[in-house]
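Residue numbers (the numbering used here): 2 to 48.
For reference, the structure discussed in these notes is given below.
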Amino acid sequence: MEKLVDTGRQRKTSLRSVVNAIRWLAQTGSQWRNLSTHFPAWQTVYY
């Protein structure tokens with residue numbers, strides 16, 4: 002998967018935390034704005 006998403010630039014947010022947030026949203030059925038504080042900002046994950 003790293004080969005597919007590696008753009009060579011420095012990231013401010015780890016992709017692992019973004020993927021974990023998306024999985025959490027899919028499992029709970031929660032809304033984007035109700036994303037837990039353990040994850041990055043919902044705007045970052047949504048983008």
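Just so you know, even glycine gets a beta-carbon here, dropped at the ideal spot from N, CA and C.
query	result
Residue 11, enclosing alpha helix (DSSP H) - first and last residue	Neither: residue 11 is in no alpha helix (DSSP H) and is coded neither H nor E.
Residues near residue 14 by beta carbon distance below 8 Å, same chain, minus five either side	41 and 45
7 Å Cβ cutoff met for residue 34 and residue 43	yes
Residues near residue 23 by beta carbon distance below 7 Å, same chain, minus five either side	46
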